[in-house]
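Comments concern the structure below.
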Amino acid sequence: MKIKFWPSLELIAHARIAQGILYTFDLEDLKHTFLEGGLRDSEYIAPITKKISEIVLPNYRATFCRLTAARRKPEDVIMVHLPPEIKRQLRGIVVALGLEIKQWFRSHRFIVRGDSHNLRKNLTWFSFGVIDRLETARNFIYDEDWDITDRFHLACKYCFEDDLKMLWRNMTTNHRYFVMRLLPRTRNIELYLQTLNTNIPRDWAEISFNERRNFFRGNFLGIRSYFSKLRGREIKYQCIYYVLESGNVHHYDLYSCISQLNDDDLYTIRTRLPTAEFCKLFRSFLQWPFQIMFLDVVNFFKQNISNDIFHGVVTFILLSELGWGFQDHTYVEIFKPFWNLFSAKYEEGLKKRVELYELAKYILESGLKNYDARKYRYLLNLHFSD
Numbered sequence: 035m036k037i038k039f040w041p042s043l044e045l046i047a048h049a050r051i052a053q054g055i056l057y058t059f060d061l062e063d064l065k066h067t068f069l070e071g072g073l074r075d076s077e078y079i080a081p082i083t084k085k086i087s088e089i090v091l092p093n094y095r096a097t098f099c100r101l102t103a104a105r106r107k108p109e110d111v112i113m114v115h116l117p118p119e120i121k122r123q124l125r126g127i128v129v130a131l132g133l134e135i136k137q138w139f140r141s142h143r144f145i146v147r148g149d150s151h152n153l154r155k156n157l158t159w160f161s162f163g164v165i166d167r168l169e170t171a172r173n174f175i176y177d178e179d180w181d182i183t184d185r186f187h188l189a190c191k192y193c194f195e196d197d198l199k200m201l202w203r204n205m206t207t208n209h210r211y212f213v214m215r216l217l218p219r220t221r222n223i224e225l226y227l228q229t230l231n232t233n234i235p236r237d238w239a240e241i242s243f244n245e246r247r248n249f250f251r252g253n254f255l256g257i258r259s260y261f262s263k264l265r266g267r268e269i270k271y272q273c274i275y276y277v278l279e280s281g282n283v284h285h286y287d288l289y290s291c292i293s294q295l296n297d298d299d300l301y302t303i304r305t306r307l308p309t310a311e312f313c314k315l316f317r318s319f320l321q322w323p324f325q326i327m328f329l330d331v332v333n334f335f336k337q338n339i340s341n342d343i344f345h346g347v348v349t350f351i352l353l354s355e356l357g358w359g360f361q362d363h364t365y366v367e368i369f370k371p372f373w374n375l376f377s378a379k380y381e382e383g384l385k386k387r388v389e390l391y392e393l394a395k396y397i398l399e400s401g402l403k404n405y406d407a408r409k410y411r412y413l414l415n416l417h418f419s420d
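Take the sequence shown: its position 62, counted from the start at 1, is 96 in this note's numbering, and no numbers get skipped.
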């Protein structure tokens, strides 16, 4: 089985609307301050909600007397507001995209220095509302207004070998000296400097068994560039294990690598991945926009989901995702089918965690139709006020 993500046209349309709303804000401020005040951050949440409430769509009266493309009369057009459930969904997607920008900045703030990053120009997005980090990195690398040392550092982090050679050729002797002196001497950078000085192509087999942990943990940004160059099931497994262990890998980058694995590679992950890393894997598929394939991923790994993994995922959904409160509908829809897959085996154990079980019961009994976000947050604060 291949793990593949197929976004719907509706999802893509929602992502496009959400991005348009997000881009009405100053992205250079947003990367620092988005939701610093939490759920009640009036600087962003109130304006986002207002902008969504102002969206109207034309609704034409259907007539069958003439099947022509004649221009509509103004009186034939009725402007309607979005349904409440769509408004809530859009608000959650705008928040997800805002956090995507903030997460990008946090991952790159020690590489792409300075305060103004011209994000409107340099950020590249997939159609489904996730930053394409590889293309965004290339935008910075090709931006000649940026310091060449920072561009070189970024090319190292993303393992862009052709760009590294281009930048190296364009550097003065002084710049090369500063690069070799100032950049952190990670194994990845050392190997690239050796390659550039000797003009011998990079051999990925040089990454020895003993240094793989530090190498993969320190090079999570470039995983989409180099993963396809790894040869052998063991090194691919170790790569995925170590980037999950680090907790830093972006969820789309992780998905991109997993989607390349064949059945034997996936079997290795299913049978060897430790509990903590399994939980992180499932959390990645609970992030926008992968929630729509979360249950498919769960079913694929169903036989390997232990009591601890079940408890970990339930806790994450109830306390983090539903507790955050911006895409409630999605997680309410996900929770019951996930629960039903494993409750016969693991529900009794969860009953010992009385407060958490109370939250689970509320979601299961109310369902999507009767779910009340305010009541849920009241219960959450009642049981988990700390």
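Even for Gly, the Cβ is constructed at its ideal location relative to N, Cα and C.
Source: prediction; values computed, not measured.
Residues near Val-164 in its chain [Cβ-Cβ closer than 6 Å; skip 5 each side]
Residue 164 sits at position 130 when you count from the first residue of the sequence shown. Sequence-distant partners of Val-164 (beyond 5 residues in either direction) whose C-beta falls short of 6 Å from its own C-beta, in its chain, are Tyr-286.
Consider the Cβ of Glu-268: report whether some Cβ of chain E lies at a distance smaller than 8 Å.
Within the model displayed, chain E is absent; a lone protein chain is all it includes.
Over what stretch of residues does the alpha helix (DSSP H) that includes Trp-202 continue unbroken?
Translated into the one-based positions of the sequence shown, residue 202 becomes position 168. Taken as a continuous stretch (DSSP letters only), the alpha helix (DSSP H) holding Trp-202 covers 195-204.
Pop quiz: Arg-132 and Tyr-78 are said to be a contact at Cβ under 8 Å. What is the actual Cβ separation, rounded to whole angstroms?
On the sequence shown, residue 132 is found 98 positions in, with the first residue counted as 1. On the sequence shown, residue 78 is found 44 positions in, with the first residue counted as 1. One detail in the question is off: residue 132 reads as Gly in this sequence, not Arg. In this structure Gly-132 is in contact with Tyr-78, their Cβ atoms being roughly 7 Å apart against a cut-off of 8 Å.
Between which two residues does the alpha helix (DSSP H) holding Phe-418 run?
Counted from its first residue, the sequence shown places residue 418 at position 384. Per DSSP, Phe-418 belongs to no alpha helix (DSSP H) and is neither H nor E.
Following the continuous alpha helix (DSSP H) through Arg-258, name the residue where it begins and the one where it ends.
Residue mapping note: residue 258 aligns to position 224 of the sequence shown, counting from 1. Counting along the chain, the alpha helix (DSSP H) containing Arg-258 begins and ends at 257-260.
Look up Pro-92 in the DSSP assignment and give the residues it is bridged to.
As a working note, residue 92 is residue 58 in the sequence shown. In DSSP, Pro-92 forms a bridge with Met-113.
Within 10 angstroms of the Cβ of Gly-126, are there 16 or more other Cβ atoms? Answer buried if so, exposed if not.
For this step, residue 126 is matched to residue 92 along the sequence shown. So Gly-126 ends up on the buried side.
Write down the C-beta distance between Ala-394 and Val-348 rounded to the nearest angstrom, noting that I regard them as a contact closer than 8 Å.
For the purposes of this step, residue 394 is taken as the residue at position 360 of the sequence shown. For the purposes of this step, residue 348 is taken as the residue at position 314 of the sequence shown. The pair is a contact, with the Cβ atoms about 7 Å apart (cut-off 8 Å).
Starting from the Cα of His-48, find the closest Cα among Ile-37, Asn-253, Trp-322 and give me that residue.
Within the sequence shown, numbered from 1, the residue matching residue 48 stands at position 14. Distances from the alpha-carbon of His-48 to those of Ile-37, Asn-253, Trp-322 put Trp-322 closest.
Assuming contact is defined by CB atoms lying nearer than 8 Å, are Leu-45 and Leu-153 in contact in what I supplied?
Locating residue 45 in the sequence shown gives position 11, where the first residue counts as 1. Locating residue 153 in the sequence shown gives position 119, where the first residue counts as 1. Going by C-beta atoms, Leu-45 is not nearer than 8 Å to Leu-153.
Bridge partners - Ile-165, DSSP secondary structure assignment
Locating residue 165 in the sequence shown gives position 131, where the first residue counts as 1. Looking at the DSSP assignment, Ile-165 forms a beta bridge with Trp-159.
From Leu-416 to Tyr-396, what does the alpha carbon distance come to, in whole angstroms?
Reading the sequence shown from its first residue, position 382 is the one you call residue 416. Reading the sequence shown from its first residue, position 362 is the one you call residue 396. Cα to Cα, the separation comes out at about 13 Å.
On the DSSP letters alone, give me the boundaries of the alpha helix (DSSP H) that Trp-138 sits inside.
In the sequence shown, counting from the first residue as 1, residue 138 sits at position 104. It spans 118-142 - the alpha helix (DSSP H) in which Trp-138 sits, taken as one unbroken run.
How about Gln-337 and Ile-368: do their beta carbons lie closer than 8 Å?
Against the sequence shown, residue 337 aligns to sequence position 303. Against the sequence shown, residue 368 aligns to sequence position 334. Taking 8 Å as the Cβ cut-off, Gln-337 and Ile-368 do not qualify as a contacting pair.
3-residue-minimum beta strand (DSSP E) runs that sit fully inside the region 349-382, ordered along the chain:
Here no run is fully enclosed.
C-alpha distance - Leu-300 paired with Lys-263, whole-angstrom precision
As a position in the sequence shown, residue 300 is number 266, starting the count at 1. As a position in the sequence shown, residue 263 is number 229, starting the count at 1. Roughly 17 Å between the two C-alpha positions.
Alpha carbon to alpha carbon, how far is Pro-81 from Gly-359?
What you label residue 81 is simply residue 47 of the sequence shown in a count that begins at 1. What you label residue 359 is simply residue 325 of the sequence shown in a count that begins at 1. Taking the CA atoms as reference points, Pro-81 sits about 17 Å from Gly-359.
In the structure shown, what three-state DSSP assignment does Gly-281 receive?
In the sequence shown, residue 281 corresponds to position 247, counting from 1. Three-state DSSP puts Gly-281 in coil, outside helix and strand.
Neighbourhood of Phe-98 by C-beta distance below 8 Å, restricted to the same chain and skipping five residues each side
Looking up residue 98 in the sequence shown gives position 64. Residue confidence is low: Phe-98 scores 49 on pLDDT, short of 50, so the model does not pin down where it sits. Its coordinate-derived value is still stated next. Counting only Cβ-Cβ distances below 8 Å, and skipping sequence neighbours, we find nothing.
Just reading off the alpha helix (DSSP H) that Asp-297 is part of, what are its end residues?
Mapped onto the sequence shown, residue 297 falls at position 263. Run containing Asp-297: 297-306, per the alpha helix (DSSP H) assignment.
In chain order, which alpha helix (DSSP H) runs of at least 4 residues are fully inside the region 47-73?
At a cut-off of 4 residues, the continuous stretches assigned as alpha helix (DSSP H) that sit fully inside the region 47-73 are 61-67.
When the Cα atoms are used, what is the spatial distance from Lys-121 to Asn-374?
Locating residue 121 in the sequence shown gives position 87, where the first residue counts as 1. Locating residue 374 in the sequence shown gives position 340, where the first residue counts as 1. Cα to Cα, Lys-121 sits roughly 29 Å from Asn-374.
Residue span of the alpha helix (DSSP H) that contains Gln-228, given as start and end:
Residue numbering aside, residue 228 sits at position 194 when the sequence shown is read from its first letter. For Gln-228, the uninterrupted alpha helix (DSSP H) run begins and ends at 221-232, by DSSP.
Alpha carbon to alpha carbon, how far is Phe-162 from Ser-42?
By one-based count along the sequence shown, residue 162 stands at place 128. By one-based count along the sequence shown, residue 42 stands at place 8. Taking the straight line joining both Cα atoms gives about 9 Å.
Kindly give me the distance between the Cβ atoms of Arg-423 and Gln-272, rounded to whole angstroms, as I take these residues to be in contact under 8 Å.
Since the first and last residues shown for the chain are 35 and 420, residue 423 lies out of range.
Identify which residue in His-209, Ile-234, Gly-256, His-142 has its Cα closest to the Cα of Cys-190.
Position 156 of the sequence shown, counted from the first residue, corresponds to residue 190. With distances taken between Cα atoms, Cys-190 lies closest to Gly-256.
Cα-Cα separation between Glu-399 and Glu-178, rounded to whole angstroms:
Translated into positions along the sequence shown, residue 399 becomes position 365. Translated into positions along the sequence shown, residue 178 becomes position 144. Cα to Cα, Glu-399 sits roughly 58 Å from Glu-178.
With Arg-304 and Phe-335 assumed to form a contact (beta carbons below 8 Å), what rounded beta-carbon distance in angstroms separates them?
Position 270 of the sequence shown, counted from the start, is the residue given in the question as residue 304. Position 301 of the sequence shown, counted from the start, is the residue given in the question as residue 335. The pair is a contact, with the Cβ atoms about 6 Å apart (cut-off 8 Å).
Phe-350 to Lys-370 span [Cα, whole Å]
The sequence position of residue 350 within the sequence shown is 316, counting from 1. The sequence position of residue 370 within the sequence shown is 336, counting from 1. When rounded, the distance between both Cα atoms is 14 Å.
Assuming Leu-56 and Ile-86 are in contact, meaning their beta carbons sit under 8 Å apart, how far apart are those beta carbons, in whole angstroms?
One-based indexing of the sequence shown puts residue 56 at position 22. One-based indexing of the sequence shown puts residue 86 at position 52. About 11 Å; that fails the 8 Å criterion.
Between which two residues does the alpha helix (DSSP H) holding Glu-77 run?
Taking the sequence shown and counting its residues from 1, the one referred to as residue 77 is at position 43. Per DSSP, Glu-77 is not a residue of any alpha helix (DSSP H), being assigned neither H nor E.
Under 8 Å between C-beta atoms of Arg-236 and Tyr-276:
The sequence position of residue 236 within the sequence shown is 202, counting from 1. The sequence position of residue 276 within the sequence shown is 242, counting from 1. Cβ distance not < 8 Å, so Arg-236 and Tyr-276 don't count as in contact.
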